[in-house]
Amino acid sequence: MKVKHYVDVPGCPVEVTLDLIDGRWKGVVLFHLLDAGCLRFNELHRRVPDITARLLTKQLRDLEEAGLVSRTVYAVVPPRVEYRVSQEGESLRPIVEMLSKWGEARLERQRTKQAATHARRTVSRNS
Numbered sequence: 002m003k004v005k006h007y008v009d010v011p012g013c014p015v016e017v018t019l020d021l022i023d024g025r026w027k028g029v030v031l032f033h034l035l036d037a038g039c040l041r042f043n044e045l046h047r048r049v050p051d052i053t054a055r056l057l058t059k060q061l062r063d064l065e066e067a068g069l070v071s072r073t074v075y076a077v078v079p080p081r082v083e084y085r086v087s088q089e090g091e092s093l094r095p096i097v098e099m100l101s102k103w104g105e106a107r108l109e110r111q112r113t114k115q116a117a118t119h120a121r122r123t124v125s126r127n128s
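Position in the sequence shown (first residue = 1) + 1 = the numbering used here.
Okay, structure coming up:
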């Protein structure tokens, strides 16, 4: 993960936040870790099945490097590794929750719009 340094850049607080959770998967990974509390790699992968194992590993490493996720390795056979949101990552909870609520509302608006469009087309065809 490329670390950026911000000094007196207009708008940089938002840019700092978005740089940490950018891309398709980091926010999704954070959402699931915040929801579950603690997950092993395969448990997390099952919750996000569209991501490859390689990319999930990279996203977890980036989040760990940013201090948002902690990784605990247990000295057992077979090896056990657990991921959880760090204290710093926990501070993103309200942001991730708001993104989730906004996404749910957006999906509902799209469903309503599609249903209305479908209804108009049906009426037009039957006229």
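Just so it is clear, CB atoms sit at the ideal spot from N, CA and C, and this is done for glycine as well.
None of the values given here were measured: they were computed from a predicted structure.
- With respect to the 7 Å criterion, VAL30 and GLN60 are classified as neighbours on the basis of their beta carbons.
- For GLU89, the closest of LEU56, GLU66, GLN115 by C-alpha to C-alpha distance is GLU66.
- Contact annotation: VAL86 and VAL74 have beta-carbon atoms that are not nearer than 7 Å.
- Going by C-alpha positions, ASP23 is about 17 Å away from ASP51.
- The beta carbon of GLY38 sits closer than 7 Å to those of ARG85, all from its chain and outside the five residues before and after it, given in chain order.
- ARG126: member of the alpha helix (DSSP H) spanning 94 to 127, first to last residue.
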